[in-house]
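Residue numbers (the numbering used here): 188 to 429. Don't be surprised by glycine CBs; every beta carbon is placed ideally from N, CA and C. Being a predicted model, the structure only gives us computed values, none of them experimental. Below: the structure, in structure tokens.
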């Protein structure tokens, strides 16, 4: 994967997410509730809940809001029950797209996702149609100029699976999802702060899109991401929007 394209695309995605901060709390609250319902309200024994709480704190969510939603999920307060549904499909130029949702109404959600795909040039596929093109893993990305030797030493000692140097000097650390927290903590203790740190679906075979195709793909992704029930969108398009 071209390092320059990866860095530019991730910075672009982060920028667009920052523009949509109004939706961040809604998505984080859903994640907290589902994580707490499935694994219990004790963050010390529930890694998924710990990650959700970290996201909430990063979004400046008050502690009492976090606690209230954990209590709703674990039955201490009345709350909405969400279920997780994953959709897979194709975008412009055959690019693969995964859409993770949390919903209290799956009929509404599938209708909205299907409409977004069909209206903006994509096609909703069947379960498993594109997931094989992605790897579920922990991903940490460091800015160009970070010491590769220092990252590699700390990451591999902490149990990371791979360290990938980009053409532009950026460094990507990959781990098994279960090892993500340990790897992230070890890197931060070594004084290495990632620009991006998440458990994600990482594209294995990116597709380069430029010009009008890149613009159309970005529009499709924006529309999908703006749907109320959508939590995360993963894709394998490297967009040249310049």
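Chain D within 9 Å of residue i, Cβ atoms only
i           : result
residue 378 : Considering every chain present, this structure includes no chain D. It has just one protein chain.
Cβ-based burial, residue i [other Cβ within 10 Å; buried from 16]
i           : result
residue 244 : exposed
residue 467 : Since the first and last residues shown for the chain are 188 and 429, residue 467 lies out of range.
residue 425 : buried
residue 431 : The structure shown does not extend to residue 431, since the chain is modelled only from 188 to 429, so the question has no answer here.
residue 238 : buried
residue 389 : buried
residue 225 : exposed
residue 374 : buried
residue 296 : buried
residue 249 : exposed
residue 293 : exposed
residue 418 : buried
residue 314 : exposed
residue 407 : buried
residue 416 : buried
residue 310 : exposed
residue 231 : exposed
Of the listed residues the options, nearest to residue i (C-alpha basis)
i           : options            : result
residue 306 : 332, 396, 403      : 403
residue 276 : 320, 248, 254, 295 : 320
residue 367 : 324, 282, 415, 311 : 324
residue 280 : 388, 396, 412, 337 : 396
residue 411 : 301, 371, 259, 214 : 301
residue 347 : 365, 256, 355      : 365
residue 334 : 356, 315, 322, 314 : 356
residue 273 : 236, 312, 336      : 312
residue 422 : 336, 282, 353, 372 : 282
residue 394 : 427, 232, 256      : 427
residue 318 : 251, 387, 371      : 387
residue 322 : 392, 220, 211, 216 : 392
In DSSP terms, what residue i is bridged to
i           : result
residue 357 : DSSP lists no partner for residue 357.
residue 274 : 286
residue 291 : None, per the DSSP bridge assignment.
residue 310 : 277
residue 425 : 395
Start and end residues, alpha helix (DSSP H) containing residue i
i           : result
residue 418 : Premise fails: residue 418 lies in the beta strand (DSSP E), 417-422, not in any alpha helix (DSSP H).
residue 352 : Segment 349-352 is the beta strand (DSSP E) holding residue 352; no alpha helix (DSSP H) there.
residue 251 : 250-260
residue 433 : No answer is possible for residue 433: it lies beyond the span of the chain, which begins at 188 and ends at 429.
residue 317 : Where residue 317 is concerned, there is no enclosing alpha helix (DSSP H), given that its DSSP letter is neither H nor E.
residue 243 : 234-245
residue 341 : 335-344
Residue i - containing beta strand (DSSP E), residue span
i           : result
residue 388 : 383-390
residue 396 : 394-397
residue 379 : From DSSP, residue 379 is part of no beta strand (DSSP E); its letter is neither H nor E.
residue 327 : 321-329
Original post:
Would you say the segment 320-332 touches the segment 353-363, given that touching needs at least three Cβ pairs under 8 Å?
Top reply: yes
Subject >> Cβ contact (3+ pairs, closer than 8 Å) linking the segment 306-315 and the segment 362-379 >> reply: With the rule of 3 Cβ pairs closer than 8 Å, the segment 306-315 does not count as touching the segment 362-379.
Original post:
Counting pairs of Cβ atoms below 8 Å between the segment 336-343 and the segment 281-290, do you hit three or more?
Top reply: The segment 336-343 vs the segment 281-290: no contact.
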